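Residue numbers (this note's numbering): 219 to 678. We put the CB at the ideal spot given by N, CA and C, even for glycine. Quick caveat: nothing in here was measured; it's all calculated off a predicted structure. Have a look at the structure below before the remarks.
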């Protein structure tokens, strides 16, 4: 087998993050680099401007070509969990009870559950939740005897419109999409240790406009979801409350945003009408206190983490997450004190999810690229990268295989059956979060809030 480039692009609403590695003919991996470029042509998981999307994909590919020093023919794409819908499936086959269950029979059971996707959706990832032999639940049916084998699956699907739109954009740049992977799965590959997966961990990947939540228990992925809130909403909140441009709001967020509950409780902030006018004046003349920025961004970040906790609770089926720890990754995890805020909200130890070292990959203190680097590692670790005919053989347009791949399969079990609901852009009631049990130490500053809401623009 010839050397091959493994290219991953994380398609986000605010940026495209890319990574590339060399898969050597000996089977070893050499990491080459990562980068990011502006996003365009997407809004809320929908392709709103195909031409702009094609330009954005081409720009990302140009970045990858620069990193690799070679042409790119194939790539793998990750999409945010807010764009991913779960589909629960069940399959069942009859067996010859006189002989032990074989791998082929396990595969037949899985195939029996593989019905057509709902109209307008395309499955990109599959989790095997568990099996039952003669009605008795088991995680390992191989070698057992029985006359009936059942399997429970959870597929994760995205809209056909999004899949085909990205394929068309890649084809316009003479490249081909090898596969799609949920962003939470990709980020987990880069930011989680095997020990964390085994002990139970909740991965919260906070991007620009969306947040992914992936729950691992007993070493396996149990659930995956997402919602349309992210770091850009913190920037919007600052811009609207302080009446400053978005660029200035982003600068303030990166410099003073979030902090920790203990720091936020030290200095009260006057949120009365005169106090707000004074704060806006200070923001204009550059004398604004960091405590104001921390109060505003802290309220929004707590809302994001509370929503992530709700998703984790649905998975665990308890009043408190049963996982051992929290890992926060993505661009917003770089904000100061994010681990303390996450720990306060979840009631569990938390750390920032930088990219961990693995075979062929160095440690990278840049959580903004965890999904794209994780994509490359995901493919390499599973031997899931095979050479594909270059798109030029098809007239420069991407061709859908005769039988669409459903993505890679992960074995898991005991996932509560549910479908995630859409999460609208909301307003943040800071008073509401001030008195919660998990964050009562943070409440001293919050109680003086403006007795209202921080609005969120829905056109972002």
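Could you tell me the boundaries of the beta strand (DSSP E) in which residue i lies?
| i | result |
| --- | --- |
| residue 456 | That residue, residue 456, is in no beta strand (DSSP E); its alpha helix (DSSP H) goes 449–460. |
| residue 397 | 394–400 |
| residue 547 | 543–547 |
| residue 248 | 247–256 |
| residue 239 | 233–241 |
| residue 354 | 354–356 |
Taking the straight line between their C-alpha atoms, what separation do you get for residue i and residue j?
| i | j | result |
| --- | --- | --- |
| residue 353 | residue 430 | 34 Å |
| residue 497 | residue 476 | 18 Å |
| residue 301 | residue 316 | 46 Å |
| residue 450 | residue 563 | 20 Å |
| residue 580 | residue 254 | 18 Å |
| residue 275 | residue 236 | 10 Å |
| residue 403 | residue 597 | 11 Å |
| residue 499 | residue 466 | 14 Å |
| residue 251 | residue 600 | 20 Å |
| residue 551 | residue 230 | 16 Å |
| residue 726 | residue 372 | Outside the displayed span of the chain (219 to 678) sits residue 726, for which this structure offers no information. |
| residue 576 | residue 507 | 42 Å |
| residue 324 | residue 359 | 8 Å |
| residue 223 | residue 584 | 22 Å |
| residue 526 | residue 553 | 17 Å |
| residue 226 | residue 397 | 10 Å |
| residue 405 | residue 452 | 22 Å |
| residue 309 | residue 330 | 5 Å |
| residue 228 | residue 439 | 20 Å |
| residue 519 | residue 503 | 26 Å |
| residue 619 | residue 384 | Because the pLDDT at residue 619 is just 37, under 50, the model does not fix this residue reliably, and the value given afterwards should be weighed accordingly. Cα to Cα, the separation comes out at about 15 Å. |
Which first and last residues belong to the alpha helix (DSSP H) in which residue i is found?
| i | result |
| --- | --- |
| residue 596 | 588–599 |
| residue 368 | Here residue 368 belongs to no alpha helix (DSSP H); instead the beta strand (DSSP E) covers 366–377. |
| residue 467 | 464–474 |
| residue 414 | 412–417 |
Using the Cβ count rule (16 or more neighbours within 10 Å means buried), how would you classify residue i?
| i | result |
| --- | --- |
| residue 625 | In this prediction, residue 625 has a pLDDT of 48, which is less than 50 and means its spatial position is unreliable; what the coordinates show is noted afterwards. That one is buried. |
| residue 327 | buried |
| residue 446 | buried |
| residue 505 | exposed |
| residue 697 | In the structure displayed, the chain extends from 219 to 678; residue 697 sits before or after that span and is not available. |
| residue 214 | The requested residue 214 does not occur in the structure, where the chain is confined to residues 219 to 678. |
| residue 587 | buried |
| residue 304 | buried |
Indicate the three-state DSSP secondary structure (helix, strand or coil) for residue i in the structure shown.
| i | result |
| --- | --- |
| residue 292 | strand |
| residue 656 | Note on residue 656: pLDDT 38, under 50, position unreliable in the model; the coordinate value appears next. In the structure shown, residue 656 sits in a helix (DSSP, three-state: H, G or I). |
| residue 216 | An answer regarding residue 216 cannot be provided, because it is not within the stretch 219 to 678 covered by the chain. |
| residue 424 | strand |
| residue 302 | coil |
| residue 222 | strand |
| residue 314 | coil |
| residue 341 | strand |
| residue 319 | coil |
| residue 266 | coil |
| residue 507 | coil |
| residue 568 | strand |
| residue 608 | Confidence is the limiting factor: at residue 608 the pLDDT is only 32, short of 50, which leaves the residue's position unreliable, though a coordinate-based value still follows. DSSP places residue 608 in coil when its eight states are reduced to three. |
| residue 520 | helix |
| residue 244 | coil |
| residue 275 | helix |
| residue 444 | strand |
| residue 228 | strand |
| residue 327 | helix |
| residue 403 | helix |
Taking C-beta to C-beta, are residue i and residue j nearer than 8 Å?
| i | j | result |
| --- | --- | --- |
| residue 412 | residue 595 | no |
| residue 394 | residue 292 | yes |
| residue 416 | residue 441 | no |
| residue 571 | residue 444 | no |
| residue 257 | residue 589 | no |
| residue 433 | residue 546 | no |
| residue 349 | residue 376 | no |
| residue 420 | residue 561 | no |
| residue 311 | residue 367 | yes |
| residue 455 | residue 514 | yes |
| residue 249 | residue 221 | no |
| residue 294 | residue 379 | no |
| residue 418 | residue 233 | no |
| residue 343 | residue 289 | no |
Looking at chain B, is there any beta carbon in it that lies within less than 8 Å of the beta carbon of residue i?
| i | result |
| --- | --- |
| residue 519 | No chain B is present in this structure, which holds just one protein chain. |
Is residue i near the ligand ADP, with its Cβ less than 7 Å from a heavy atom?
| i | result |
| --- | --- |
| residue 373 | This structure simply doesn't include the ligand ADP, nor any ligand for that matter. |
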